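*Asks:* So the sequence lines, in the order shown, correspond to chains L and C.
Residue 13 is where the first sequence starts when you use the numbering used here, and the numbers rise one by one after that.
Residue 4 is where the second sequence starts when you use the numbering used here, and the numbers rise one by one after that.
From the three backbone atoms N, C-alpha and C, an ideal C-beta is built for every residue, glycine too.
The structure displayed is predicted, hence computed values, not measured ones.
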Amino acid sequence: MYRYDSFDQQFVDERVAHFRDQTRRYLAGELSDDEFLQLRLRNGLYIQRLAPMLRVAVPYGTLSSRQLRMLAHISRHYDRGYGHLSTRQNMQFNWPELAEVPDILADLATVQMHAIQTSGNCIRNVTTDEFAGVAEDEAVDPRPYCELLRQWSTSHPEFDWLPRKFKIAVTGAAADRAAVNVHDIGVIARQQGGEVVFDILAGGGLGRTPAIGALLREGLPARHLLTYIEAIMRTYNRYGRRDNKYKARIKILVRAMTAEGFKAKVDAEWAQLKGSPSTLSEEVIGRMAAHFEPSPYPQRPGAAEALAAQRLRNPAFNRWVRHNVSPHKQDGYAIAVLSTKETGTPPGDVSDAQMEAVADWADAYGFGEVRISHQQNFVLPDVGQEQLYSLWQAAVTHRLGTANRGLATDIICCPGGDYCSLANAKSIPVAEALQRQLEDYDYLHDLGELDLNISGCMNACGHHHVGHIGILGVDKKGREYYQVSIGGHSGADASLGQIMGPSFSRAEVPNVISDILDVYLAYRIEDESFLHCFRRIGMAPFKERAYAKAA
Amino acid sequence: MPRLLRLNGELTPPPELLETGQWTLESGLGVKLAVDAEVDERWLAAPLIAIDFPAFNDGRGLSLAVLLRTRLGYAGELIAVGAVHEDLLHYMRRCGFNGYVLEKDAAPREATLHPYSDYYQASAVESRPADRRMGGQPSISSRTSPTPSS
Numbered sequence: 013m014y015r016y017d018s019f020d021q022q023f024v025d026e027r028v029a030h031f032r033d034q035t036r037r038y039l040a041g042e043l044s045d046d047e048f049l050q051l052r053l054r055n056g057l058y059i060q061r062l063a064p065m066l067r068v069a070v071p072y073g074t075l076s077s078r079q080l081r082m083l084a085h086i087s088r089h090y091d092r093g094y095g096h097l098s099t100r101q102n103m104q105f106n107w108p109e110l111a112e113v114p115d116i117l118a119d120l121a122t123v124q125m126h127a128i129q130t131s132g133n134c135i136r137n138v139t140t141d142e143f144a145g146v147a148e149d150e151a152v153d154p155r156p157y158c159e160l161l162r163q164w165s166t167s168h169p170e171f172d173w174l175p176r177k178f179k180i181a182v183t184g185a186a187a188d189r190a191a192v193n194v195h196d197i198g199v200i201a202r203q204q205g206g207e208v209v210f211d212i213l214a215g216g217g218l219g220r221t222p223a224i225g226a227l228l229r230e231g232l233p234a235r236h237l238l239t240y241i242e243a244i245m246r247t248y249n250r251y252g253r254r255d256n257k258y259k260a261r262i263k264i265l266v267r268a269m270t271a272e273g274f275k276a277k278v279d280a281e282w283a284q285l286k287g288s289p290s291t292l293s294e295e296v297i298g299r300m301a302a303h304f305e306p307s308p309y310p311q312r313p314g315a316a317e318a319l320a321a322q323r324l325r326n327p328a329f330n331r332w333v334r335h336n337v338s339p340h341k342q343d344g345y346a347i348a349v350l351s352t353k354e355t356g357t358p359p360g361d362v363s364d365a366q367m368e369a370v371a372d373w374a375d376a377y378g379f380g381e382v383r384i385s386h387q388q389n390f391v392l393p394d395v396g397q398e399q400l401y402s403l404w405q406a407a408v409t410h411r412l413g414t415a416n417r418g419l420a421t422d423i424i425c426c427p428g429g430d431y432c433s434l435a436n437a438k439s440i441p442v443a444e445a446l447q448r449q450l451e452d453y454d455y456l457h458d459l460g461e462l463d464l465n466i467s468g469c470m471n472a473c474g475h476h477h478v479g480h481i482g483i484l485g486v487d488k489k490g491r492e493y494y495q496v497s498i499g500g501h502s503g504a505d506a507s508l509g510q511i512m513g514p515s516f517s518r519a520e521v522p523n524v525i526s527d528i529l530d531v532y533l534a535y536r537i538e539d540e541s542f543l544h545c546f547r548r549i550g551m552a553p554f555k556e557r558a559y560a561k562a563a
Numbered sequence: 004m005p006r007l008l009r010l011n012g013e014l015t016p017p018p019e020l021l022e023t024g025q026w027t028l029e030s031g032l033g034v035k036l037a038v039d040a041e042v043d044e045r046w047l048a049a050p051l052i053a054i055d056f057p058a059f060n061d062g063r064g065l066s067l068a069v070l071l072r073t074r075l076g077y078a079g080e081l082i083a084v085g086a087v088h089e090d091l092l093h094y095m096r097r098c099g100f101n102g103y104v105l106e107k108d109a110a111p112r113e114a115t116l117h118p119y120s121d122y123y124q125a126s127a128v129e130s131r132p133a134d135r136r137m138g139g140q141p142s143i144s145s146r147t148s149p150t151p152s153s
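#1: Can you give me the C-alpha to C-alpha distance between Ile347(L) and Lys263(L), rounded to a whole angstrom?
#2: From which residue to which residue does the alpha helix (DSSP H) around Met367(L) run?
#3: Cβ closer than 8 Å: which chain L residues qualify as neighbours of Arg72(C)?
#4: Quick one: does Asn101(C) have its CB under 8 Å from some CB of chain L?
#5: Looking at chain C, is there any beta carbon in it that lies within less than 8 Å of the beta carbon of Phe304(L)?
#6: Closer than 7 Å, Cβ to Cβ, to anything on chain C: give me those residues from the region 139-167 of chain L, in chain order.
#7: Which residues of the region 50-63 of chain C have a Cβ closer than 7 Å to any Cβ of chain L? Give them in chain order.
#8: From Asp90(C) to Phe56(C), what does the alpha carbon distance come to, in whole angstroms?
#9: Taking the CB atoms as reference points, tell me whether Thr421(L) and Gln447(L) lie closer together than 8 Å.
#10: Going by DSSP in three states, Ala316(L) sits in which element: helix, strand or coil?
#11: Please classify Ile537(L) as buried or exposed, where buried requires at least 16 neighbouring CB atoms within 10 angstroms.
#12: Might you give, ordered along the chain, the residues of its own chain that have their beta carbon closer than 6 Å to the beta carbon of Ser153(C), omitting 5 neighbours on each side?
#13: By DSSP, does Gly298(L) sit in helix, in strand, or in coil?
#14: Excluding sequence positions up to five away, which residues of its chain have a Cβ less than 6 Å from the Cβ of Ala121(L)?
#15: Whose Cβ in chain C lies nearer than 7 Å to the Cβ of Leu213(L)?
#16: Check whether chain C comes within 8 Å of Leu75(L), counting only Cβ atoms and requiring the distance to be less than that.
#17: Identify, in the order they occur along the chain, each residue of the same chain with its Cβ nearer than 7 Å to the Cβ of Trp107(L), setting aside the five sequence neighbours on each side.
#18: Compare the C-beta of Pro289(L) with all C-beta atoms of chain C and state if any pair is closer than 8 Å.
#19: Am I right that Arg229(L) and Tyr240(L) are in contact with their C-beta atoms under 8 Å? What's the rounded C-beta distance?
#20: Compare the C-beta of Ala155(C) against all C-beta atoms of chain L and say whether one is closer than 8 Å.
#21: Would you kindly report the start and end of the unbroken alpha helix (DSSP H) that includes Tyr94(C)?
#22: Taking the beta strand (DSSP E) that Ala407(L) belongs to, which residues open and close that run?
#23: Label Gly273(L) either buried or exposed according to how many other C-beta atoms from any shown protein chain fall within 10 Å of its C-beta, with 16 as the threshold for buried.
#24: Below 7 Å on C-beta distance, what does Arg97(C) contact in chain L?
#25: Determine, using beta carbons only, whether Gln399(L) and Gly344(L) come nearer to each other than 8 Å.
#26: Pull up the distance between the alpha-carbon of Leu7(C) and that of Pro118(C), whole angstroms please.
#27: Taking 6 Å as the limit between beta carbons, can you name the residues of its chain near Trp332(L), skipping five residues before and five after?
#28: Pull up the DSSP beta-bridge partners for Tyr345(L), would you.
#29: With distances taken from CA atoms, which of Asn55(L), Leu174(L), Val192(L) is nearest Gly503(L)?
#30: Check Leu80(L) in the structure and name its three-state DSSP category.
#31: Anything in chain L within Cβ reach of Val69(C), meaning under 7 Å, just list it in chain order.
#32: Where does Gln25(C) sit, in a helix, a strand or coil, going by DSSP?
#33: What did DSSP end up calling Lys286(L) once you bin it into helix, strand or coil?
#34: Distance, Cα to Cα, Tyr493(L) vs Leu160(L)?
#35: Would you call Gly490(L) buried or exposed, if buried means 16 or more other Cβ atoms sit within 10 Å of its Cβ?
#36: Does the beta-carbon of Tyr258(L) have 16 or more other beta-carbons within 10 angstroms, so that it is buried, or is it exposed?
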């Protein structure tokens, strides 16, 4: 993984000093609330319903075991002993003291971490495939390009004061695990004639007006990545709306100009920028790629056979492997997903003890690396296949061994009305009620791959638009209601969910979801997935059933 | 009383133009541009260009300044007026501004003006390759604050 050099360390140390000074000026009354708001947001600090919330950047979801131990320490020392894995692969702390935030940042800087640009109207933490670098279906390792984007976008002189927040995702694999279609910019890296090229999408996004990104350019040579993105950013910065925050995202601009019109504007700008100083040399790309070269993988003779024998002996372990373990590009290794979605735990919440346990496993069963997925789970990328059994046993004792990755109980869920001051409704209790209802394994397994996503408001942190089933909290005359949509998907063939109809009370939601699942089970043909079934039969049967009963 | 802060730290009364409002090309004194102005070659003749920020967090003026410097090649005085916040001066400097009109009598402290000794990217005032510091190889050669090319 990437390690800071003296320049990176100096920059982050200076960022701590800078933010400490801004905090001091605010507390001394030299900066107004409004002024400090803009400044603290560029460093991940929100003032929430109950306390400040600090969002720590986990660049493209990759952590070392040492960094994760520091996050555990921070949660214990400055917070209440837990943190929250966000849907953009970051970690959030919900209870820090404002005056202590500079000290937290100083602690983070000692392990090459920060909270730079994790909120505010600027380029946010770049996200990617949580299996980057190890996935069997990967054509290009996206991480070197993510890190180049991170460095280029850090305190960019021109693009730190955009009309609205700006999210970039990069993928380099056949299966799109980074949801590139629903980001402000989506980058798809692939091989073409022995070279790395990019397809660039822009104008996707969730939130109030969900949209699938438009393809702006195909086959962009790697050296032009930054100048082309610069052209998009400049076009957006100059022409994006600033009069209404709900119409300020790039997707609104792309829609207003039409994809063709926007592309023409970007291309005209890029014609001027092509070859300018932000062009990447082969040397720098190579230098960056070297950071992500895998250490040599020791051979693991007999690993596959040992795993097969363990699976035969233990059905519960076999289930976990079936759902939570993915193929690794290296023989004898596997990628393990540690689910935070055990029933009764808020999705994505992890305790200090869990963080330390995961860090220990990363050292014992890998090369000291941990990932955070946008589904709010931990990933161990390099587990020996014969080690999976002992990892699973340890994970179960730490409530991280639930066999539900990709199943209906692996719910993506924002913090919702329990924490967030933007929320219209709570989301965590809805997730828990659904997990309780669905947790019977045979039923769950029979339902198969099913993304169930919950957001407490239109901002869509819980990605409800791209859930196969999406649930959105809405406010109806001061009461919490929930709007249900079906048919969303965030993969390569992305689609936005269709709203089923009028919203439901919280008590009704579990029954409505049951109805939807019953319709699927009744209509599906053989092994057909929920999504495929919905795309074939449409909304009508689902709607009929859900509202017949509710009426 | 507003003051003009120059890059060298000098604090002077703002140009009289601010008072008289003679912001036209014909005046030969300077032009004042809104942040959404398009770049126009006629401005090359202006000895002074002021970009008027309607709100301190409106980044359009930053892009406009970059275009004036890098696209148009404007080498004259470029100042920020309107809602200029001292905490954004370090961005503005790198976009090519060389003066700011502030509603203050005292210059901001050094910690606010120059919070960082170096940056990752190329900028309007520093056209060295952006990637010289990227990729994790320390470049010992340059650790000085960028200075304007104009």
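*Replies:* Taking the geometry as given:
#1: When rounded, the distance between both Cα atoms is 35 Å.
#2: Unbroken alpha helix (DSSP H) run through Met367(L): 364-376.
#3: Chain L residues near Arg72(C): none, gap ~11 Å exceeds 8 Å.
#4: Asn101(C) does not count as touching chain L.
#5: Under the Cβ criterion of 8 Å, Phe304(L) is not counted among the residues facing chain C.
#6: Result list: Leu160, Gln163, Trp164, Thr166, Ser167.
#7: Cβ contacts with chain L come from Asn60, Asp61, Gly62, Arg63.
#8: Those two C-alpha atoms are separated by around 14 Å.
#9: Yes. Within cutoff.
#10: Collapsing the DSSP output to three states places Ala316(L) in a helix.
#11: Exposed, because fewer than 16 other Cβ atoms sit within 10 Å of the Cβ of Ile537(L).
#12: At Ser153(C) the pLDDT is 34, less than 50, meaning the model places this residue with poor confidence; the figure from the coordinates comes in the next sentence. Only Ala78 meet the Cβ criterion.
#13: Helix at Gly298(L).
#14: Closer than 6 Å at the Cβ level, and outside the excluded window around Ala121(L), lie Val24, Asp25, Val28.
#15: Correct list: empty, because the minimum Cβ distance to chain C is about 22 Å.
#16: False, the Cβ-Cβ gap to chain C never drops below 8 Å.
#17: Excluding positions up to five away in sequence, the list reads Ala63, Asp91, Arg92.
#18: Interface residue, yes.
#19: Sure, about 7 Å apart at Cβ, within 8 Å.
#20: Residue 155(C) lies beyond the residue range present for chain C, which begins at 4 and ends at 153; the question has no answer from this structure.
#21: First-last of the alpha helix (DSSP H) with Tyr94(C): 92-97.
#22: DSSP places Ala407(L) outside any beta strand (DSSP E); the residue lies instead in the alpha helix (DSSP H), whose first and last residues are 400-409.
#23: The residue is exposed, with fewer than 16 neighbouring Cβ atoms inside 10 Å.
#24: Close to Arg97(C), with beta-carbon spacing below 7 Å, are these residues of chain L in chain order: Pro169.
#25: No.
#26: Going by C-alpha positions, Leu7(C) is about 20 Å away from Pro118(C).
#27: Excluding sequence neighbours, Trp332(L) sits near Trp404, Ala415.
#28: For Tyr345(L), which the question treats as bridged, DSSP gives the partners Gly396(L).
#29: Checking every option, the nearest Cα to that of Gly503(L) belongs to Val192(L).
#30: Under the three-state reduction of DSSP, Leu80(L) is assigned to helix.
#31: Result: Glu170.
#32: Gln25(C): coil per DSSP, three-state reduction.
#33: In the three-state reduction of the DSSP assignment, Lys286(L) falls in the coil class.
#34: Cα-Cα distance, rounded: 43 Å.
#35: By the Cβ-count criterion, Gly490(L) is exposed, with fewer than 16 other Cβ atoms from all chains shown falling within 10 Å of its own Cβ.
#36: By the neighbour-count criterion, in which a residue is buried when 16 or more other Cβ atoms sit within 10 angstroms of its Cβ, Tyr258(L) is exposed.
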